[in-house]
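Worksheet for the structure shown next.
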Amino acid sequence: MAPPVEVPIAWLGVFPCCVGEIRIARGTHGGFTLGHRDDTSHEGLEIHRDPEAAIELARYDNAGRYRPLKTAPNLRHGWLLMVDLVEQAQLALEHFYPGRAAVYGVWSKRELRTTALRETLARQTGMYRVAAQISEEEADELVGNFCRSGGGCLRTILWKRDAAGTSPSTLLPDVKYDPKFDQTGRGESALPLLCQEPCNLLVAEARKVVKAAK
Ligand code: SF4
Numbered sequence: 381m382a383p384p385v386e387v388p389i390a391w392l393g394v395f396p397c398c399v400g401e402i403r404i405a406r407g408t409h410g411g412f413t414l415g416h417r418d419d420t421s422h423e424g425l426e427i428h429r430d431p432e433a434a435i436e437l438a439r440y441d442n443a444g445r446y447r448p449l450k451t452a453p454n455l456r457h458g459w460l461l462m463v464d465l466v467e468q469a470q471l472a473l474e475h476f477y478p479g480r481a482a483v484y485g486v487w488s489k490r491e492l493r494t495t496a497l498r499e500t501l502a503r504q505t506g507m508y509r510v511a512a513q514i515s516e517e518e519a520d521e522l523v524g525n526f527c528r529s530g531g532g533c534l535r536t537i538l539w540k541r542d543a544a545g546t547s548p549s550t551l552l553p554d555v556k557y558d559p560k561f562d563q564t565g566r567g568e569s570a571l572p573l574l575c576q577e578p579c580n581l582l583v584a585e586a587r588k589v590v591k592a593a594k
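To get our numbering, take the position in the sequence shown, counting from 1, and add 380.
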């Protein structure tokens, strides 16, 4: 069993609540249930009772494909995780969305530091160093496609493209940068999955764009 994760209670304060594609509710068994927000009926769902089951549930999508980006909107359906304690619900959420509760906690205290895309690219070494050569136009298009909530990633972007405060992408709607917006598009109240700095997958994509242009 993984060590307990210190998660701010605000992450799980009011039930039911939603985080990314997951809905957490009070269970009839007295504990908590976590399930896919699309699975509105509990009928026929695969039942799990160990928070560690979240590791496997988060690993593959509906078609059995590996999910390299845990905040991509492709969490598999058809399961229900029932746990007794709020700490177990928190641990499961940590497996579904690693690091997001802690970032939310720091952000809530207005202490979150963000890193611009250009800063992230400039500090790359080895085979990823070339990614810094991506042009402004290419970066605009890449972020607009790769980070979009519909089919890309459900995180709310807090970083800028550069130190001057340029928007990450002109192709993304303003709500992509708004922590109050439910990035699943359901229009429900949901805790945000915050993105404080460009991820490794985006850096790898930037490298591909640069290499392809050569
Ligand atoms: S940079 Fe952030 S928003 Fe974009 S894909 Fe990576 S984690 Fe998601």
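Glycine included, every Cβ here is placed at the ideal spot set by N, Cα and C.
Is the CB-CB distance between residue 496 and residue 412 below 7 Å?
Position 116 of the sequence shown, counting from 1, holds the residue named residue 496. Position 32 of the sequence shown, counting from 1, holds the residue named residue 412. No.
Taking 6 Å as the cut-off, is the beta-carbon of residue 535 closer than that to any non-hydrogen atom of ligand 1?
Translated into the one-based positions of the sequence shown, residue 535 becomes position 155. Indeed, a heavy atom of ligand 1 lies less than 6 Å from the Cβ.
Between which two residues does the alpha helix (DSSP H) containing residue 500 stretch?
Along the sequence shown, read from residue 1 onward, the residue named residue 500 stands at position 120. If you look at residue 500, you'll find it in the alpha helix (DSSP H) that goes 497 to 502.
Helix, strand or coil, according to DSSP, for residue 487 in the structure here?
By one-based count along the sequence shown, residue 487 stands at place 107. Correct three-state label for residue 487: helix.
Quick one: residues in its chain with C-beta nearer than 8 Å to the C-beta of residue 585, no 5 flanking neighbours on either side, listed in chain order?
As a working mapping, residue 585 is identified with position 205 in the sequence shown. Only 522, 526 meet the Cβ criterion.
Could you tell me the distance, in whole angstroms, from the CA atom of residue 550 to the CA atom of residue 511?
Position 170 of the sequence shown holds residue 550. Position 131 of the sequence shown holds residue 511. Distance between the alpha carbons of residue 550 and residue 511 is about 20 Å.
Pick from 583, 486, 563 that is closest to residue 530, judged by C-alpha positions:
In the sequence shown, the residue the question calls residue 530 occupies position 150. Out of 583, 486, 563, 563 has the C-alpha closest to the C-alpha of residue 530.
Residue 604 beta carbon near ligand 1 (any heavy atom closer than 6 Å):
The displayed coordinates of the chain run from 381 to 594. Any statement about residue 604 would go beyond what the structure contains.
Assuming residue 471 and residue 576 are in contact, meaning their beta carbons sit under 8 Å apart, how far apart are those beta carbons, in whole angstroms?
Along the sequence shown, read from residue 1 onward, the residue named residue 471 stands at position 91. Along the sequence shown, read from residue 1 onward, the residue named residue 576 stands at position 196. About 22 Å separates the two Cβ atoms, so there is no contact after all.
Would you mind sorting residue 422 into buried or exposed? The rule is 16 or more other CB atoms within 10 Å of its CB.
Taking the sequence shown and counting its residues from 1, one reaches residue 422 at position 42. By the neighbour-count rule (16 or more Cβ atoms within 10 Å), residue 422 is not buried but exposed.
Report the three-state DSSP secondary structure of residue 578 (helix, strand or coil).
Within the sequence shown, residue 578 is the residue found at index 198, counting from 1. For residue 578, the secondary structure class from DSSP, reduced to helix, strand or coil, is coil.
So, residue 578 versus residue 559, is the Cβ gap smaller than 7 Å?
Working through the sequence shown from its first residue, we reach residue 578 at position 198. Working through the sequence shown from its first residue, we reach residue 559 at position 179. For the pair residue 578 and residue 559, the CB atoms are not nearer than the 7 Å cut-off.
State buried or exposed for residue 465, treating a residue as buried only when at least 16 other CB atoms are found within 10 Å of its CB.
As a working mapping, residue 465 is identified with position 85 in the sequence shown. With fewer than 16 other CB atoms across the displayed protein chains lying within 10 angstroms of its CB, residue 465 is exposed.
So residue 534 packs on residue 448, CB below 8 Å; how close in whole Å?
Position 154 of the sequence shown, counting from 1, holds the residue named residue 534. Position 68 of the sequence shown, counting from 1, holds the residue named residue 448. Contact doesn't hold; Cβ gap of about 14 Å is too wide.
My understanding is that residue 415 touches residue 461, with C-beta atoms under 8 Å, so please give their C-beta distance in whole angstroms.
Here residue 415 refers to the residue found at position 35 of the sequence shown. Here residue 461 refers to the residue found at position 81 of the sequence shown. Right, their Cβ atoms sit about 7 Å apart.
For a test of the three-state rule: what should DSSP assign to residue 516, helix, strand or coil?
As a working note, residue 516 is residue 136 in the sequence shown. Note: residue 516 maps to helix in three-state DSSP.
Residues near residue 396 in its chain [Cβ-Cβ closer than 8 Å; skip 5 each side]:
In the sequence shown, counting from the first residue as 1, residue 396 sits at position 16. Excluding residues within five positions, the ones whose Cβ falls inside 8 Å are 403, 404, 405, 406.
Once the 5 residues before and after residue 384 are set aside, which same chain residues still bring their CB inside 8 Å of it?
As a working note, residue 384 is residue 4 in the sequence shown. With a pLDDT of 42 at residue 384, under the threshold of 50, the modelled position of this residue cannot be trusted, and the question is left open.
Just confirm the distance between the C-beta atoms of residue 542 and residue 498, as a whole number of angstroms; I'd bet it's less than 8 Å.
By 1-based counting over the sequence shown, the position of residue 542 is 162. By 1-based counting over the sequence shown, the position of residue 498 is 118. Yes, residue 542 and residue 498 are in contact; Cβ-Cβ is about 4 Å, under 8 Å.
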